[in-house]
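Colleague:
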Amino acid sequence: MTTTRSRSTSGSRQSTWPFECSTPANAASATVFSGTPPPRLPVADLSFMEACRVSSMELLNFANGIAMGSRAPDRLFKILDVYEAVKDLMPEIEVLFADQYCLFLRNEAMGVWKRLGESIRGIFMELENLIRRDPAKAAVPGGGLHPITRYVMNYLRAACSRPTLEQVFDENVVPPVGVDRSLSSSSPLAVQMAWIMEVLESNLEAKSKIYRDPALSSVFMMNNGRYIVKKVKDDELGSLLGDDWVRKHTAKVRQYHVNYQRSSWNKILNALKLDNNNLSPNVASKALKEKLKLFNSQFEEICRTQSTWAIFDEQLKEELKLSVGATLLPAYRSFLGRFQNIQDIGKYAEKHVKFNVEDVEARIDGLFQGTAVSGSGRK
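Add 40 to the 1-based position in the sequence shown for the numbering used here, that's all there is to it.
1) Kindly list the residues whose CB is nearer than 8 angstroms to the CB of leucine 309, restricted to its own chain and excluding five residues on each side of it in sequence; keep chain order.
2) Where does leucine 360 fall in DSSP's three states?
3) For methionine 233 versus isoleucine 268, is the C-beta distance shorter than 9 angstroms?
4) My understanding is that isoleucine 188 touches asparagine 263, with C-beta atoms under 8 angstroms, so please give their C-beta distance in whole angstroms.
5) Under a Cβ-count criterion, where at least 16 other Cβ atoms within 10 Å of its own Cβ denotes burial, should serine 258 be classed as buried or exposed?
6) Should phenylalanine 408 and glutamine 338 be called a contact, given that it needs their Cβ atoms to be closer than 9 angstroms?
7) Return the Cβ separation of alanine 103 and leucine 185 in integer angstroms, given the expectation that the two are a contact with Cβ distance under 8 angstroms.
8) What residue ranges within the stretch 112-179 form continuous alpha helix (DSSP H) runs of no fewer than 4 residues, ordered along the chain?
9) Count the other CB atoms within 10 Å of the CB of alanine 199; is the residue buried (16 or more) or exposed (fewer)?
10) Cutting at 6 angstroms between CB atoms, please list the residues of its own chain near lysine 247, excluding the five before and the five after it.
11) With a 10 Å radius around its C-beta and 16 neighbouring C-beta atoms as the bar for buried, classify asparagine 66 as buried or exposed.
12) Helix, strand or coil for leucine 280, going by three-state DSSP, please let me know.
13) Could you please give the first and the last residue of the uninterrupted alpha helix (DSSP H) stretch that includes alanine 350?
14) Going by C-alpha to C-alpha distance, which of Glu158, Gly182, Leu196 sits closest to leucine 277?
15) Helix, strand or coil for leucine 312, going by three-state DSSP, please let me know.
16) Smallest Cα separation from lysine 313: which of Asp283, Arg252, Leu281, Phe375?
17) Assign leucine 407 to one of three DSSP states: helix, strand, or coil.
18) Report back the beta-carbon spacing between valine 208 and tyrosine 123 to the nearest angstrom; my notes put them in contact at under 8 angstroms.
19) Leaving out the 5 sequence neighbours to the left and right, which residues in its chain are closer than 6 angstroms to glutamate 148 when beta-carbon positions are compared?
20) For tryptophan 305, which residues in the same chain have their Cβ closer than 7 angstroms to its Cβ, ignoring the five residues on either side in sequence?
21) Please report the straight-line C-alpha distance between lysine 391 and cysteine 343, rounded to a whole angstrom.
22) What is the rounded straight-line gap between the Cα of serine 325 and the Cα of lysine 331?
23) What is the DSSP secondary structure of tyrosine 251, counted as helix, strand or coil?
24) Rounded to whole angstroms, what is the Cα-Cα separation between tryptophan 153 and arginine 173?
25) Quick check on lysine 394: does DSSP put it in helix, strand or coil?
26) Measure the CB-CB distance between leucine 229 and leucine 167 and report whether it falls below 9 angstroms.
27) Taking 8 angstroms as the limit between beta carbons, can you name the residues of its chain near leucine 170, skipping five residues before and five after?
28) To the nearest angstrom, report how far apart lysine 273 and tryptophan 285 are at their CA atoms.
29) Find the nearest neighbour of arginine 161 within the set Phe335, Arg294, Thr204, judged by alpha-carbon distance.
30) Can you check which of these residues, Leu116, Leu143, Met150, is closest to lysine 427 by C-alpha distance?
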């Protein structure tokens, strides 16, 4: 009495509903039992329900099992597939099961669809918990990109490529507690994405405190912050979160840059500061020799250490080198000029000068040669 449905529903998706009915509701069944066209007799509706019940419930139970299963983040796309399949079937279900005897099947299908949506939203709650539970134990060598940053951002990019996700979150308009108020007028999906990245940033801040060197801590935050901004700008996430979000987080990366330079190079710049020109030649000579000795020691140590640090983004790496050079080279050039003009030093200046200006420039160019990506996986 039943045949396999063949006509397509929304888009190119083939209907998987197990009953063909080319006339509204169950007109074919009504014709068999009454011998006349609709209106249907109640016995026809009852018969159609009995014929459909077992197969329909098997299909709905399968979808319900998916909805009630684990909410591990890696199940998101499988559940989205089932959600979309049930969504595409709902118009047919409402037509096929329009009578009173099939009402429970229609309600069950609607319930399964809603539970699938709840499961999808629950997966994002589990993703938040996964990020929070990621321990701040071992530091990423060289302040490079942390694996959790790469995982979360690639995950969010893939999730936002599914238009259905917007509908899923539109069904639940309660924003996460503590979310940025500037996003209160944004779509629920945008709020959810921003909140997850806020949780990620808090986790990264905790991880940055593992580093004993404040400059390396800033490099770590700069690397991960720059990666987050790039992933947002180059994808649907950028349209979702908006330009204000991008500007705000770009400013954060700039502040990490300032923090790095301040904690790393300010002490060297202090060593190059020129004292009162009224000092006697002997006193000035001794003071400048001490300053140059201190500079040589500090500069060599910083370059040796920071040559192993990592910057994943080539543009950012060049920006940092240029910034260091623009600050350090003029100060060093001025210092050498003063040093070489001291009468007691004169032609013996080269004996004390370990680095000429070109040497300093070359050492700066050798910074950040470490591996920037920790662990395995996609960039």
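Positions of the beta carbon are idealized from the N, C-alpha and C atoms, including for glycine.
All values reported here derive from a predicted model rather than from experimental measurement.
Modeller: Result, derived from the coordinates:
1) Start at 1 with the first residue of the sequence shown, and residue 309 comes out as number 269. These residues qualify, in order along the chain: Thr367, Leu368, Ala371.
2) For the purposes of this step, residue 360 is identified with residue 320 of the sequence shown, where counting begins at 1. Leucine 360: helix per DSSP, three-state reduction.
3) Position 193 of the sequence shown, counted from the start, is the residue given in the question as residue 233. Position 228 of the sequence shown, counted from the start, is the residue given in the question as residue 268. No; because the gap between Cβ atoms is not below 9 angstroms, this pair is not in contact.
4) Counted from its first residue, the sequence shown places residue 188 at position 148. Counted from its first residue, the sequence shown places residue 263 at position 223. Between asparagine 263 and isoleucine 188 the Cβ distance is about 13 angstroms, and since that is not below 8 angstroms, they are no contact.
5) One-based indexing of the sequence shown puts residue 258 at position 218. Counting Cβ neighbours within 10 Å, serine 258 comes out buried, since at least 16 surround it.
6) By 1-based counting over the sequence shown, the position of residue 408 is 368. By 1-based counting over the sequence shown, the position of residue 338 is 298. Result no, Cβ atoms of phenylalanine 408 and glutamine 338 do not sit closer than 9 angstroms.
7) Within the sequence shown, residue 103 is the residue found at index 63, counting from 1. Within the sequence shown, residue 185 is the residue found at index 145, counting from 1. Going by Cβ atoms, the distance from alanine 103 to leucine 185 rounds to 39 angstroms, so no, they are not a contact pair.
8) 116-136, 143-173
9) Looking up residue 199 in the sequence shown gives position 159. Buried is the call here.
10) Residue 247 sits at position 207 when you count from the first residue of the sequence shown. Hits under 6 angstroms: Ala176.
11) As a first step, residue 66 must be located in the sequence shown, where it is residue number 26. In this predicted model, asparagine 66 has a pLDDT of only 47, less than 50, meaning its place in the structure is not dependable; the value taken from the coordinates is given anyway. Classification for asparagine 66: buried.
12) Start at 1 with the first residue of the sequence shown, and residue 280 comes out as number 240. In this structure, leucine 280 counts as helix in the three-state DSSP scheme.
13) Looking up residue 350 in the sequence shown gives position 310. Counting along the chain, alanine 350 falls outside any alpha helix (DSSP H), and DSSP gives it neither H nor E.
14) For the purposes of this step, residue 277 is identified with residue 237 of the sequence shown, where counting begins at 1. Closest by alpha carbon: Leu196.
15) Position 272 of the sequence shown, counted from the start, is the residue given in the question as residue 312. Correct three-state label for leucine 312: coil.
16) Along the sequence shown, one-based indexing puts residue 313 at 273. Closest by alpha carbon: Phe375.
17) Reading the sequence shown from its first residue, position 367 is the one you call residue 407. Residue state, collapsed to three classes: coil.
18) Walking along the sequence shown from the start, residue 208 turns up at place 168. Walking along the sequence shown from the start, residue 123 turns up at place 83. With a Cβ gap of about 7 angstroms, valine 208 and tyrosine 123 count as contacting.
19) The residue given as residue 148 occupies position 108 in the sequence shown. Around glutamate 148: Leu100.
20) For this step, residue 305 is matched to residue 265 along the sequence shown. Excluding positions up to five away in sequence, the list reads Val364, Thr367, Leu368.
21) For this step, residue 391 is matched to residue 351 along the sequence shown. For this step, residue 343 is matched to residue 303 along the sequence shown. Their Cα atoms are separated by approximately 22 angstroms.
22) In the sequence shown, residue 325 corresponds to position 285, counting from 1. In the sequence shown, residue 331 corresponds to position 291, counting from 1. Looking at the two C-alpha atoms, the distance is approximately 10 angstroms.
23) Along the sequence shown, one-based indexing puts residue 251 at 211. In this structure, tyrosine 251 counts as coil in the three-state DSSP scheme.
24) Taking the first residue of the sequence shown as position 1, residue 153 is located at position 113. Taking the first residue of the sequence shown as position 1, residue 173 is located at position 133. Computed Cα separation, rounded: 30 angstroms.
25) Counting from one through the sequence shown, the residue named residue 394 turns up at place 354. Correct three-state label for lysine 394: coil.
26) Counted from its first residue, the sequence shown places residue 229 at position 189. Counted from its first residue, the sequence shown places residue 167 at position 127. Not in contact: leucine 229 and leucine 167 (Cβ atoms no closer than 9 angstroms).
27) Your numbering for residue 170 matches position 130 in the sequence shown. Taken in chain order, the residues that qualify are Pro113.
28) Taking the first residue of the sequence shown as 1, we reach residue 273 at position 233. Taking the first residue of the sequence shown as 1, we reach residue 285 at position 245. Going from the Cα of lysine 273 to the Cα of tryptophan 285 covers about 10 angstroms.
29) As a position in the sequence shown, residue 161 is number 121, starting the count at 1. Ranking the options by Cα distance to arginine 161, first place goes to Thr204.
30) The requested residue 427 is not part of the displayed model; the chain covers only 41 to 419.
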